[in-house]
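**Student:**
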Amino acid sequence: MKKIIYCCAAGLLSFYANAQVGIGTAKPKSVLDVNGKTTLRKELRVGGTSTQAGDAGLNGQVLVSQGEGLPPVWKSLNVSFMEEGQYKLINSYLSSDQTGIISLSDNVAGDGILVNSVGDKLIDLTKGKWVKIDGLQNSFTVKNGKNRLTYQFQTGVEIKAPVATTSESVRFACGVFRNGLLVAVRPDRIASNNNSGKNGLQDYIFTLNYTEQNVPIGVHTIEIACRKIDTSNAGSQFAIGRNAQGSNGTSSAFTLESTMKMDLIEYVSYKNN
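Numbering (my numbering), first residue to last: 1 to 273.
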């Protein structure tokens, strides 16, 4: 009789040791198989033992699988999470150019246009004789109409006066065009130094920063163009984004190259399932 009892007890222990529990399923595939939504009201601990509670992780950590047969672990990821109601950087576009513009030099007069307005067409000569920096053209796609688009344009500008000891100047403007229409512009002026030691040469860095808001959804093309407004001496050599033709190696296309960086920032919103 004792042998029968022992056998029954051993059978019951074996049953419970190998039992699988199914919630929402009659055929569980693991020790605990939940078929349906799960609500967890407190911490989730992993990697515990029969004598020690598992690790609940730290604030901001995520649970990462280590593969079959191994317990998951908490990991700190260097990634910012996109939360609803915030603006997040979606993409950055960077382009550079060392060809620049030299066609506004050597007896080319300025266009005399003193004022520009948002929406001016790149090809409208009554709004200025714009010359594009072809290497800075870029295209991008906006997917959320609530956004910010930041432009950061920088280039070198150089002038070389015909006579080293005579100070000459050029007034010019550079602008950002989206789909052929002006969205940002900045006029400026460069003057040579009447110093024979510099051989009539002067250069400096031009910068244009601007932010557009709520750019329409769709594909857009960005172009950078500059124009010559006027000059004190049409014979002065003038270059944008590269060295002037007769600068005698003082500068180069590399040191005066043009760069354009665009940051597309969109509003984060989630749709309910």
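Ideal Cβ placement from N, Cα and C applies to all residues, glycine included.
1) Within the continuous beta strand (DSSP E) that includes Trp74, where are the two ends?
2) Select from Ser103, Val21 and Arg189 the residue whose C-alpha is nearest the C-alpha of Val170.
3) Please report the distance separating the alpha-carbon of Gly128 from that of Phe140.
4) Under 8 Å by Cβ, that's how I've got Lys132 and Leu181 pegged, so tell me the actual separation to the nearest angstrom.
5) Measure the Cβ-Cβ separation of Ile229 and Asp111 and say whether it is below 8 Å.
6) Tell me which residue opens and which closes the beta strand (DSSP E) that Arg41 is part of.
7) Thr165 by DSSP, collapsed to three states: which one?
8) Reducing DSSP to helix, strand and coil, say where Gly135 ends up.
9) Between Arg227, Ala225 and Gln202, which has its C-alpha nearest Gly249's C-alpha?
10) According to DSSP, which residues form a beta bridge with Phe206?
11) Considering only the alpha carbon of each residue, which of Ala19, Thr25 and Lys261 lies closest to Gln152?
**Tutor:** Short version:
1) Val73 to Lys75
2) Arg189
3) 26 Å
4) At roughly 14 Å, the Cβ-Cβ gap does not stay under 8 Å, so Lys132 and Leu181 are not in contact.
5) yes
6) That residue, Arg41, is in no beta strand (DSSP E); it is neither H nor E in DSSP.
7) coil
8) helix
9) Gln202
10) Thr155
11) Lys261
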